[in-house]
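Notes follow once the structure below has been shown.
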DNA sequence: TTGTAAGCGTTATCAC
DNA sequence: GTGATAACGCTTACAA
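Protein chains in written order, with our numbering: chain R, -5 to 323; chain E, -5 to 323.
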């Protein structure tokens, strides 16, 4: 130890190695210096337990190798998985991730952005709900699942295609009258396109269909009520349902069973997300699978390679269908 | 905008407000200055969109209001929830959280610590597996679920008490020959005490019991094999099982049912963790519930209040029992 | 109370 | 290739 409790600096290393400060800096920045000097510096550094202070470096270079991720929460497995993959992808690129959790509160979201603008990060990946998030023009930002503005890249699954795929699948599995059901936030977002894709497919193919949207504040009970009203003597008016998320599909399924409608015998069900049960690694239901890892890696790539010019402002990644026991096949 | 693309500095604000640099600094540090100056500064700052640069501040003050969390992954709901609560707790204290994911790889863990030592954080909360993690003495560190050394506070649930509680519960529910089953990492950790508590309770109360431990590398099949060997003509040698985790209990239950043993009729099952299914918010099984939020808040509190002296080096938080359908009550 | 100036640890620019 | 020296943006004595 050289000075009680204080971390050693480049100066200390220089003194210890008997070289000039600048030489030490070069060694730690992989700028060529004489081999003998390099060795002296490295040994001195190891002896002192020296680590470069990235705040000082960040101050100088205006680059911190830190990216912020803004997420509503981690108690939803989709978000948790997304955070996991994004963190791993960032680590691969030698970046750190600071995580901010907003509980979907627009105030908290704004506060986060503000915080990050304090040079805490080189860029931001955000999955936000604020309708009018204002992000500084010169803070690189990539949005997930929500289109913020023409200059801000947005990554999401191919929600529209997934909706079409779900409709097509239900029809090809024999459904004559499919239904789309969604419940969620009132803030418009990319995920709304799931329903749009479904509807478009049905219309273009002359399929008789229905679509019903609920808001979070109405509660899932309103969905149950809707189902009850469309169930006559144990028979539902629809023979296939596309639900906007897997977890929602799970509840719909449970409710249908509770009123005597069998899944998939009477009604086939397709969800969206591709979540797996933690305990068995099985899908909750037949589902349109989001490529979470690819979303994460794409977001990181676009953010770090400042590719907002070369890439379209909006990018949708291909989804796939996976059977999960709520369809007949 | 004042200087193309570059963020405004205190100097800019000072010029804009027509005051001295130091005055601006004081305003942003809540150090009293004349009211009229304060207003001038605040208005100038708003006009310029000024944000204090926390790297410069950190460099000066050697304080960054950032805490690092080291976690194996986020794809386990227990870890995800822990991260969520820790992040929220830190935010409440005006701290940021940088997250590092290690996939339980000791190399990655060491790399993280090294990274954090680069003054990237004021402290660390770690849930690690490296047997010999060496953390710098002057980097505040709080460990979760693993005792690292006498000078490093460790927070965990009362694993021992939980083990006792599970045994007691099984016995009070009528079990005559309970079994403890665990599968997990070979690295010793606090969670090993779950079995110890179970065994101690049985021994102290003269209960006939058994305990079997498996390592991750043996695979869950070895557990199944063990159960098969102890099942004779549809009857298991044990009438109660305490499993080291909820997810593990789930698998044990499924396997028992597959060989014709009914839960909870023939065998009662208690797990550990208190995880809830994402889809229904119900427990996976009867379980000893870990106080995740309290663990998170305690870890944060101890880390931030540098209370390592006042607090015991080791701290265990009370668990509770919750029925979840795999016990008879 | 306000303004000035000296660092914090690093990097980059130049003469040597 | 090496080694002083001047920034980077902010805090904090200390002087006015």
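We put the CB at the ideal spot given by N, CA and C, even for glycine.
Fair warning: this is a prediction, and the values are worked out from it, not measured in the lab.
Item checked: Under the three-state DSSP convention, the category residue 60 (chain R) falls into -> By one-based count along the first chain, residue 60 (chain R) stands at place 66. If DSSP states are grouped into helix, strand and coil, residue 60 (chain R) belongs with the strands.
Check: Does DSSP put residue 214 (chain E) in a helix, a strand or coil?
Finding: For the purposes of this step, residue 214 (chain E) is identified with residue 220 of the second chain, where counting begins at 1. Residue 214 (chain E): helix per DSSP, three-state reduction.
Margin query: Which residues of the segment 80 to 93 of chain E have a Cβ closer than 9 angstroms to any Cβ of chain R? Give them in chain order.
Written below: 81, 82, 85, 90, 91, 92 and 93
Next item on the list: Taking the CB atoms as reference points, tell me whether residue 48 (chain E) and residue 112 (chain R) lie closer together than 8 angstroms.
Entry: Counting from one through the second chain, the residue named residue 48 (chain E) turns up at place 54. Counting from one through the first chain, the residue named residue 112 (chain R) turns up at place 118. Cβ atoms of residue 48 (chain E) and residue 112 (chain R): closer than 8 angstroms.
Check: Is there at least one Cβ from chain R nearer than 8 angstroms to residue 5 (chain E)'s Cβ?
Finding: The residue labelled residue 5 (chain E) in the question sits at position 11 within the second chain. Cβ-Cβ to chain R under 8 angstroms: no for residue 5 (chain E).
Item checked: Cβ neighbour criterion (16 or more within 10 Å) applied to residue 286 (chain E) -> The count along the second chain starts at 1 and reaches residue 286 (chain E) at position 292. So residue 286 (chain E) ends up on the buried side.
Note to self: Please confirm whether residue -3 (chain R) has its beta-carbon closer than 8 angstroms to some beta-carbon of chain E.
What the structure shows: As a working note, residue -3 (chain R) is residue 3 in the first chain. Below a pLDDT of 50, predicted positions are generally treated as unreliable, and residue -3 (chain R), at 39, falls in that range; the measurement from the model is reported next regardless. Chain E contact via Cβ: absent.
Checklist line | residue 69 (chain E) at chain R interface by Cβ criterion, 8 angstroms | finding: Locating residue 69 (chain E) in the second chain gives position 75, counting from the first residue. Chain R contact via Cβ: present.
Notebook entry, point to check: Run through DSSP, which three-state label would residue 185 (chain R) get?
Noted result: Counted from its first residue, the first chain places residue 185 (chain R) at position 191. Three-state DSSP puts residue 185 (chain R) in a helix.
Next item on the list: Determine the DSSP secondary structure at residue 24 (chain R), reduced to helix, strand or coil.
Entry: Indexing the first chain from 1 puts residue 24 (chain R) at position 30. Coil, per DSSP.
Checklist line | Member of R:100, R:152, R:151 and R:154 whose CA lies at the smallest distance from the CA of residue 129 (chain R) | finding: The residue labelled residue 129 (chain R) in the question sits at position 135 within the first chain. Of the candidates R:100, R:152, R:151 and R:154, the one whose C-alpha sits nearest the C-alpha of residue 129 (chain R) is R:100.
Next item on the list: Determine, using beta carbons only, whether residue 313 (chain R) and residue 288 (chain R) come nearer to each other than 8 angstroms.
Entry: By one-based count along the first chain, residue 313 (chain R) stands at place 319. By one-based count along the first chain, residue 288 (chain R) stands at place 294. Contact flag unset, no.
Notebook entry, point to check: Taking one C-beta from the segment 241 to 258 of chain E and one from the segment 313 to 322 of chain E each time, how about it: are there three or more such pairs within less than 8 angstroms?
Noted result: yes
Note to self: For a test of the three-state rule: what should DSSP assign to residue 138 (chain E), helix, strand or coil?
What the structure shows: Here residue 138 (chain E) refers to the residue found at position 144 of the second chain. DSSP places residue 138 (chain E) in strand when its eight states are reduced to three.
Notebook entry, point to check: Residues of chain E with a CB under 9 angstroms from the CB of residue 113 (chain R): which are they?
Noted result: Here residue 113 (chain R) refers to the residue found at position 119 when the first chain is read from its first residue. Simply 1, 45, 46, 47, 48, 49 and 50.
Check: Going by beta carbon distance, what residues of the same chain come within less than 6 angstroms of residue 204 (chain E), once the five residues before and after it are set aside?
Finding: Position 210 of the second chain, counted from the start, is the residue given in the question as residue 204 (chain E). Cβ neighbours of residue 204 (chain E) beyond the five flanking positions: 173.
Item checked: Element boundaries [beta strand (DSSP E), containing residue 283 (chain R)] -> For the purposes of this step, residue 283 (chain R) is taken as the residue at position 289 of the first chain. Looking at the DSSP string, the run of the beta strand (DSSP E) that includes residue 283 (chain R) is 281 to 283.
Notebook entry, point to check: So, residue 68 (chain R) versus residue 74 (chain E), is the Cβ gap smaller than 8 angstroms?
Noted result: Translated into the one-based positions of the first chain, residue 68 (chain R) becomes position 74. Translated into the one-based positions of the second chain, residue 74 (chain E) becomes position 80. Yes, the Cβ-Cβ distance between residue 68 (chain R) and residue 74 (chain E) is below 8 angstroms.
Next item on the list: Below 7 angstroms CB to CB, which residues in the same chain sit around residue 60 (chain E) once its five sequence neighbours on both sides are set aside?
Entry: By one-based count along the second chain, residue 60 (chain E) stands at place 66. The residues are 89, 90, 92, 114, 115 and 116.
Item checked: Per DSSP, cross-strand counterpart(s) of residue 315 (chain E) -> Residue 315 (chain E) sits at position 321 when you count from the first residue of the second chain. In DSSP, residue 315 (chain E) forms a bridge with E:282.
Check: So, is residue 265 (chain R) buried or exposed, given that buried needs 16 or more other C-beta atoms within 10 angstroms?
Finding: Taking the first residue of the first chain as position 1, residue 265 (chain R) is located at position 271. Flag for residue 265 (chain R) reads buried.
Note to self: Let me confirm a value: residue 275 (chain E) is counted as buried when at least 16 other C-beta atoms fall within 10 Å, else exposed. Which label applies?
What the structure shows: Taking the first residue of the second chain as position 1, residue 275 (chain E) is located at position 281. Exposed, by the Cβ-count rule.
Notebook entry, point to check: For the 8 angstroms Cβ check, are there 3 or more pairs between the segment 192 to 212 of chain R and the segment 162 to 181 of chain R?
Noted result: yes
Next item on the list: Kindly indicate if chain R contains any beta-carbon less than 8 angstroms away from that of residue 74 (chain E).
Entry: Here the question's residue 74 (chain E) lines up with position 80 in the second chain. Residue 74 (chain E) counts as touching chain R.
Next item on the list: From the DSSP output, read off the bridge partner residues of residue 174 (chain E).
Entry: One-based indexing of the second chain puts residue 174 (chain E) at position 180. Note: residue 174 (chain E) sits in a beta bridge opposite E:205 and E:236.
Notebook entry, point to check: Closest by CA to residue 262 (chain R), which one among R:271, R:272 and R:279?
Noted result: Position 268 of the first chain, counted from the start, is the residue given in the question as residue 262 (chain R). For the residues R:271, R:272 and R:279, the minimum Cα distance to residue 262 (chain R) belongs to R:279.
Notebook entry, point to check: Counting contacts by CB-CB distance shorter than 8 angstroms, is residue 77 (chain R) in contact with chain E?
Noted result: Locating residue 77 (chain R) in the first chain gives position 83, counting from the first residue. Closer than 8 angstroms: yes.
Item checked: Cα-Cα separation between residue 131 (chain R) and residue 43 (chain E), rounded to whole angstroms -> Locating residue 131 (chain R) in the first chain gives position 137, counting from the first residue. Locating residue 43 (chain E) in the second chain gives position 49, counting from the first residue. Those two C-alpha atoms are separated by around 12 angstroms.
Check: With a CB to CB cut of under 7 angstroms and the five nearest residues on each side skipped, what residues in its chain are close to residue 292 (chain R)?
Finding: Working through the first chain from its first residue, we reach residue 292 (chain R) at position 298. Excluding sequence neighbours, residue 292 (chain R) sits near 149, 309 and 311.
Checklist line | Coil, strand or helix - residue 253 (chain E) by DSSP | finding: On the second chain, residue 253 (chain E) is found 259 positions in, with the first residue counted as 1. The answer is coil: DSSP assigns residue 253 (chain E) none of H, G, I, E or B.
Next item on the list: Determine the direct distance from the alpha carbon of residue 141 (chain E) to that of residue -5 (chain R), and round the result to whole angstroms.
Entry: As a first step, residue -5 (chain R) is located in the first chain; it is residue number 1 there, counting from the start. As a first step, residue 141 (chain E) is located in the second chain; it is residue number 147 there, counting from the start. Low confidence applies to residue -5 (chain R): its pLDDT is 36, below 50, so where it sits in the model is not reliable, and the reading given next is rough at best. Rounded to the nearest angstrom, the two C-alpha atoms are 26 angstroms apart.
Margin query: Taking a contact to mean a Cβ-Cβ separation below 8 angstroms, would you say residue 21 (chain R) touches residue 32 (chain R) in this structure?
Written below: Translated into positions along the first chain, residue 21 (chain R) becomes position 27. Translated into positions along the first chain, residue 32 (chain R) becomes position 38. Cβ distance < 8 angstroms, so residue 21 (chain R) and residue 32 (chain R) count as in contact.
Margin query: Please report the straight-line C-alpha distance between residue 143 (chain E) and residue 127 (chain E), rounded to a whole angstrom.
Written below: Counting from 1 along the second chain, the entry for residue 143 (chain E) is found at position 149. Counting from 1 along the second chain, the entry for residue 127 (chain E) is found at position 133. The alpha-carbon atoms of residue 143 (chain E) and residue 127 (chain E) are separated by roughly 10 angstroms.
Notebook entry, point to check: If we ignore side chains and look at the alpha-carbon of each, how far apart do residue 72 (chain E) and residue 37 (chain E) end up?
Noted result: Counting from one through the second chain, the residue named residue 72 (chain E) turns up at place 78. Counting from one through the second chain, the residue named residue 37 (chain E) turns up at place 43. Rounded to the nearest angstrom, the two C-alpha atoms are 46 angstroms apart.
Margin query: Between residue 66 (chain E) and residue 15 (chain E), how many whole angstroms is the CB-CB distance? I'm expecting something under 8 angstroms.
Written below: In the second chain, counting from the first residue as 1, residue 66 (chain E) sits at position 72. In the second chain, counting from the first residue as 1, residue 15 (chain E) sits at position 21. Contact flag wrong, Cβ pair sits at about 46 angstroms.
Next item on the list: Could you check which residue in E:84, E:83, E:222 and E:135 has the C-alpha nearest to that of residue 108 (chain E)?
Entry: Residue numbering aside, residue 108 (chain E) sits at position 114 when the second chain is read from its first letter. Residue 108 (chain E) has its Cα closest to that of E:135, out of E:84, E:83, E:222 and E:135.
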